[in-house]
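For reference, the structure is listed below as structure tokens.
2 protein chains.
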Amino acid sequence: MAGSVSNGLAELGKRGLPEEAAAAAAEPLPEELEPEVAEGIREIVMGRNVHASCFAVKEPDADDEVTGEREATMAGVLARYRRCLIERTKHHLGYPYNLDFDYGALAQLQHFSINNLGDPFIESNYGVHSRQFEVGVLDWFARLWDLEKDEYWGYITNCGTEGNLHGILVGREVFPDGVLYASRESHYSVFKAARMYRMDCVKVETLVSGEIDCTDFGRKLFENKDKPAIINVNIGTTVKGAVDDLDLVIETLEKTGFQNRFYIHCDGALFGLMMPFVKLAPKVSFKKPIGSVSVSGHKFVGCPMPCGVQITRLKHINALASNVEYLASRDATIMGSRNGHAPIFLWYTLNRKGYRGFQKEVQKCLRNAHYLKDRLRNAGISAMLNELSSTVVFERPKDEEFVRRWQLACEGNISHVVVMPSVTINKLDSFLNELVEKRVTWYQEGICQSPCIAGDVGQHNCLCTMHKV
Amino acid sequence: MAGSVSNGLAELGKRGLPEEAAAAAAEPLPEELEPEVAEGIREIVMGRNVHASCFAVKEPDADDEVTGEREATMAGVLARYRRCLIERTKHHLGYPYNLDFDYGALAQLQHFSINNLGDPFIESNYGVHSRQFEVGVLDWFARLWDLEKDEYWGYITNCGTEGNLHGILVGREVFPDGVLYASRESHYSVFKAARMYRMDCVKVETLVSGEIDCTDFGRKLFENKDKPAIINVNIGTTVKGAVDDLDLVIETLEKTGFQNRFYIHCDGALFGLMMPFVKLAPKVSFKKPIGSVSVSGHKFVGCPMPCGVQITRLKHINALASNVEYLASRDATIMGSRNGHAPIFLWYTLNRKGYRGFQKEVQKCLRNAHYLKDRLRNAGISAMLNELSSTVVFERPKDEEFVRRWQLACEGNISHVVVMPSVTINKLDSFLNELVEKRVTWYQEGICQSPCIAGDVGQHNCLCTMHKV
Numbered sequence: 002m003a004g005s006v007s008n009g010l011a012e013l014g015k016r017g018l019p020e021e022a023a024a025a026a027a028e029p030l031p032e033e034l035e036p037e038v039a040e041g042i043r044e045i046v047m048g049r050n051v052h053a054s055c056f057a058v059k060e061p062d063a064d065d066e067v068t069g070e071r072e073a074t075m076a077g078v079l080a081r082y083r084r085c086l087i088e089r090t091k092h093h094l095g096y097p098y099n100l101d102f103d104y105g106a107l108a109q110l111q112h113f114s115i116n117n118l119g120d121p122f123i124e125s126n127y128g129v130h131s132r133q134f135e136v137g138v139l140d141w142f143a144r145l146w147d148l149e150k151d152e153y154w155g156y157i158t159n160c161g162t163e164g165n166l167h168g169i170l171v172g173r174e175v176f177p178d179g180v181l182y183a184s185r186e187s188h189y190s191v192f193k194a195a196r197m198y199r200m201d202c203v204k205v206e207t208l209v210s211g212e213i214d215c216t217d218f219g220r221k222l223f224e225n226k227d228k229p230a231i232i233n234v235n236i237g238t239t240v241k242g243a244v245d246d247l248d249l250v251i252e253t254l255e256k257t258g259f260q261n262r263f264y265i266h267c268d269g270a271l272f273g274l275m276m277p278f279v280k281l282a283p284k285v286s287f288k289k290p291i292g293s294v295s296v297s298g299h300k301f302v303g304c305p306m307p308c309g310v311q312i313t314r315l316k317h318i319n320a321l322a323s324n325v326e327y328l329a330s331r332d333a334t335i336m337g338s339r340n341g342h343a344p345i346f347l348w349y350t351l352n353r354k355g356y357r358g359f360q361k362e363v364q365k366c367l368r369n370a371h372y373l374k375d376r377l378r379n380a381g382i383s384a385m386l387n388e389l390s391s392t393v394v395f396e397r398p399k400d401e402e403f404v405r406r407w408q409l410a411c412e413g414n415i416s417h418v419v420v421m422p423s424v425t426i427n428k429l430d431s432f433l434n435e436l437v438e439k440r441v442t443w444y445q446e447g448i449c450q451s452p453c454i455a456g457d458v459g460q461h462n463c464l465c466t467m468h469k470v
Numbered sequence: 002m003a004g005s006v007s008n009g010l011a012e013l014g015k016r017g018l019p020e021e022a023a024a025a026a027a028e029p030l031p032e033e034l035e036p037e038v039a040e041g042i043r044e045i046v047m048g049r050n051v052h053a054s055c056f057a058v059k060e061p062d063a064d065d066e067v068t069g070e071r072e073a074t075m076a077g078v079l080a081r082y083r084r085c086l087i088e089r090t091k092h093h094l095g096y097p098y099n100l101d102f103d104y105g106a107l108a109q110l111q112h113f114s115i116n117n118l119g120d121p122f123i124e125s126n127y128g129v130h131s132r133q134f135e136v137g138v139l140d141w142f143a144r145l146w147d148l149e150k151d152e153y154w155g156y157i158t159n160c161g162t163e164g165n166l167h168g169i170l171v172g173r174e175v176f177p178d179g180v181l182y183a184s185r186e187s188h189y190s191v192f193k194a195a196r197m198y199r200m201d202c203v204k205v206e207t208l209v210s211g212e213i214d215c216t217d218f219g220r221k222l223f224e225n226k227d228k229p230a231i232i233n234v235n236i237g238t239t240v241k242g243a244v245d246d247l248d249l250v251i252e253t254l255e256k257t258g259f260q261n262r263f264y265i266h267c268d269g270a271l272f273g274l275m276m277p278f279v280k281l282a283p284k285v286s287f288k289k290p291i292g293s294v295s296v297s298g299h300k301f302v303g304c305p306m307p308c309g310v311q312i313t314r315l316k317h318i319n320a321l322a323s324n325v326e327y328l329a330s331r332d333a334t335i336m337g338s339r340n341g342h343a344p345i346f347l348w349y350t351l352n353r354k355g356y357r358g359f360q361k362e363v364q365k366c367l368r369n370a371h372y373l374k375d376r377l378r379n380a381g382i383s384a385m386l387n388e389l390s391s392t393v394v395f396e397r398p399k400d401e402e403f404v405r406r407w408q409l410a411c412e413g414n415i416s417h418v419v420v421m422p423s424v425t426i427n428k429l430d431s432f433l434n435e436l437v438e439k440r441v442t443w444y445q446e447g448i449c450q451s452p453c454i455a456g457d458v459g460q461h462n463c464l465c466t467m468h469k470v
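Chains as they are written, first to last, in my numbering: chain A, 2 to 470; chain B, 2 to 470.
Now the structure itself:
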């Protein structure tokens, strides 16, 4: 979900179907198929319902079945939409999604309404489910994070947000009067959870890298030392890809006197699956006193739709479950009905790639991220790359059209590219060449200077006129 | 989500892949593909992590890429799984899912990672989305429930539970100290919401039909008259398909002095889409003082994965949005990343069927539900069918194997069949014949009698020995 923080803002005044897509289309869209677009410049106003673009649903005519015209029209819309997706997929760099997958072997399953109702470990009477695959995937992740089969509980979620909502809820149920701590660079879903669950929430400062500042954390713990602590630890922040120092977080808790009075949820949306394959990286492991880990399935693994994996300690779920007596079964998920296709996609990729396959891909991503950072710096562009991370942060390109074309996620003066397996050197070269070329026109000597981003990435990473050595 | 209340219990001691499926398979499963099944009778124990059946993820061998053996093994698992799904789909009656759909035309889109990040009406920089389809679908539903384009807000959810979580959260934000009222036959997600959101929750009694008892509701409102009321109104309860009397609920609120101090969320998971097409049915409409309506997309419409539609008043979302300043954009959904395929499935079906198509299907379902009820009664089996409903409630079959085979949802002594467009007369006949035949062996004269279910369905619907006329 990286970059969601800048949702919309960069899209001011733009249309749903990008112009490139229209160009890619062999023939122009017939008028009745054009998305309904507001005239002139589109305004985003909080709380106004802007129908930027929309394929309206139209009532079939009485003779449609005979003429087949409706089917033909719909096929036309879909074919053009597909061309647009191809183009948009080709020029995508900003979000941490692996767009490179081939699930052709699973197309046969799209004819079924596959629903994993309720708990993965308790079967419902609905027979069209995929629990066999779900439990297989969960076992794999539990092993990855060092939790025994009979000591874990988990499920396949709809996305990283659901994982955070679940982890923090479990924490609250374990410590009903606990205070939630999270660094200010945590994903917005963490703060949303605090509000939904009516929890006291303390925002902790961050270092320039984006990691949680444990000095500030210790201070704030001390101020609230009468109440248990529930902590969201980021295994890869949204914007800078920073990994909070889990060991230092635990040490800070213990030093401040919080022995056994804390619950740690690890938001591993992206790096939760990459870190285990990075040499020398600190381990996310249930051998440490953590309560839950969540990771997204559509990010590093790649999946047609968002999904995620949630793993927690079984004993916590028992505490939760004992409170839901109105149910004859255990209801410990956030959602009731769950997408049964997602576990099969994950199962398929895990089986095909295995540990070795993921390791290779992680190494490639890190290599390519270094390549990107080095080339940016060599071109005189401020850039930062955290250790353990494939998220390259750099100055925000001046032209919003360029930002949109490459689907970069931006915040303030910075922007980022997340190097996923689908981001090849070729793609990076084409991006870099375009950026360098454009920059010449944006920053002409004496007219306009590239922005200083030392505040965001540190002086040593900033190449503005003031900080350039 | 009908019947989820009985999740698991009826499955005691059973395996993941039903025996029929094994029989359907041409060749037996090679041993290494057999789901890992615990020996003997499976025990469901709350809080024990039962690995009933599982397709384990296995690490590829080093030479797998050369031999292609792994691909072949996986293809085998999938082919057998598909046969199992066909069989399970054929014998399904208990859950309100329309299993009859053909989305072949959309198979081409499975290659794309389609994600509708955040708000449907504010574009993010991620270009591989389907907002054009989402807004088209939302417009259609807003019109169905009489809300103008510039007065509604909504989004495509992951399931009915997300709709209820959203509607009740909006209610709580509008009335932070409001008390949540819901009939005891409301879906379990309503009570889950109360707990998650730390709201006071009052359970209201129901009539035999399953509708909310407005006399009890009035009494309970009066007891809490100092606090605003947030009410969950059921447009089709989970078990009995009962439709709460929305007009009487509003009248009760006003009589008790709650003018303008209430928020009504309508849980229309199943019937929200059927009711508009039932002649003489009371209308769910935003012309009445309601705040939100949710409906499932995988139920009456039919969809490969769970999804739903949430429509609320824009003014409420503005109240919500003003509180989320940490976001540069509006974050008013429960989930952050959202399945971009679901809106396209819905758009496709709405376009193909239209109002007329749905009306025809609703009429067919109601006709078939009456057929089923009549045939049950003629066979001496206690049964109830609420007006406006296609959910036929009847005595719980004595044999759990039979319950499982037809995937019936059960609660206590009752069971139900939800007649969906995929439930044909042929399917019902085959079910009825089997039931009647089996019953002869279950209830032999003098040995064992069929249960009295008058408490659940009323004396006039009960055909036990005591109540039979």
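By construction, the Cβ of each residue, glycine as well, lies at the ideal position given by its N, Cα and C atoms.
Query	Result
Indicate whether at least one CB of chain B lies closer than 7 Å to the CB of A333 (chain A).	no
Can you name the start and end residues of the alpha helix (DSSP H) that K204 (chain B) belongs to?	Note, K204 (chain B): premise wrong, no alpha helix (DSSP H); beta strand (DSSP E) at 202–205.
At the level of alpha carbons, what is the spacing between D214 (chain A) and D246 (chain A)?	9 Å
Within the segment 311–383 of chain A, note down every full alpha helix (DSSP H) run reaching 4 residues or more, in order along the chain.	315–322, 342–379
Quick check: the segment 395–406 of chain A against the segment 380–387 of chain A, are at least 3 beta-carbon pairs closer than 8 Å?	yes
Taking the alpha-carbon positions, what's the T425 (chain B) to N369 (chain B) distance?	7 Å
What runs of the alpha helix (DSSP H), each 4 residues or longer, lie entirely inside the segment 149–214 of chain A?	161–175, 189–197
How many angstroms separate the CA atom of V205 (chain A) from the CA atom of V285 (chain B)?	46 Å
Using a Cβ-Cβ cut-off of 7 Å, state whether N352 (chain A) counts as contacting chain B.	yes
Is T392 (chain A) helix, strand or coil by DSSP?	strand
Do three or more CB pairs link the segment 129–137 of chain A to the segment 111–121 of chain A at distances below 8 Å?	yes
Considering only residues of the same chain and omitting the five flanking positions on each side of A463 (chain B), which have a CB-CB separation below 7 Å?	For the sequence presented, residue 463 (chain B) should be read as Cys rather than Ala. Correct list, in chain order: S383, C453, I454, A455.
I want to verify the contact list: residues of chain A whose CB lies under 8 Å from the CB of S190 (chain B), in sequence order.	G337
Determine whether the beta carbon atoms of R83 (chain A) and Q109 (chain B) lie at a separation below 7 Å.	yes
Any beta-carbon of chain A closer than 7 Å to the one on R89 (chain B)?	yes
Quick one: does Q109 (chain B) have its CB under 7 Å from some CB of chain A?	yes
Pull up the distance between the alpha-carbon of T68 (chain B) and that of V279 (chain A), whole angstroms please.	29 Å
Can you tell me which of the three DSSP states L409 (chain B) falls into?	coil
Name the DSSP beta bridge partners of A230 (chain B), please?	B:V180, B:F263
Is it buried or exposed, V191 (chain B), if we count other Cβ atoms within 10 angstroms and call 16 or more buried?	buried
Does Q60 (chain A) come within less than 7 Å of chain B when only Cβ atoms are used?	First, the amino acid is wrong: residue 60 (chain A) is Glu here, not Gln. Cβ-Cβ to chain B under 7 Å: yes for E60 (chain A).
What did DSSP end up calling D62 (chain A) once you bin it into helix, strand or coil?	coil
Please list, in chain order, the chain B residues whose beta carbon lies closer than 8 Å to that of D140 (chain A).	H52, C55, A57, V58
Of the choices B:M421, B:C160, B:S187, whose alpha-carbon is the least far from that of S210 (chain B)?	B:S187
By the criterion of Cβ-Cβ separation under 7 Å, what are the contact partners of C267 (chain A) in chain B?	What C267 (chain A) touches in chain B: nothing, since even the nearest Cβ is about 17 Å away.
So S489 (chain A) and V420 (chain A) are in contact, right, with Cβ under 8 Å, and what is the actual spacing, rounded?	The first residue shown for chain A is 2 and the last is 470, placing residue 489 (chain A) beyond what the model contains.
I'd like the ranges of any alpha helix (DSSP H) spanning at least 4 consecutive residues and lying wholly in the segment 239–291 of chain B.	247–256
Out of B:V180, B:R89, B:I312, which has the shortest C-alpha to C-alpha gap to E224 (chain B)?	B:V180
Based on the DSSP output, what are the partners of G309 (chain B) in its beta bridges?	B:T158, B:S297
Would you kindly check if the distance between the Cβ of G128 (chain A) and the Cβ of Q311 (chain A) is under 7 Å?	no
For a cutoff of 7 Å on Cβ pairs, would you count C202 (chain B) as touching chain A?	no
Less than 7 Å between CB atoms is the rule here; does Q311 (chain A) satisfy it with respect to chain B?	no
Run through DSSP, which three-state label would S416 (chain B) get?	strand
Going by DSSP in three states, N116 (chain B) sits in which element: helix, strand or coil?	strand
Report yes or no: is there a C-beta of chain A within less than 7 Å of the C-beta of N427 (chain B)?	no
So with CB distances below 8 Å, who are the chain B contacts of K256 (chain A)?	Neighbours of K256 (chain A) on chain B: none; closest Cβ ~29 Å, over 8 Å.
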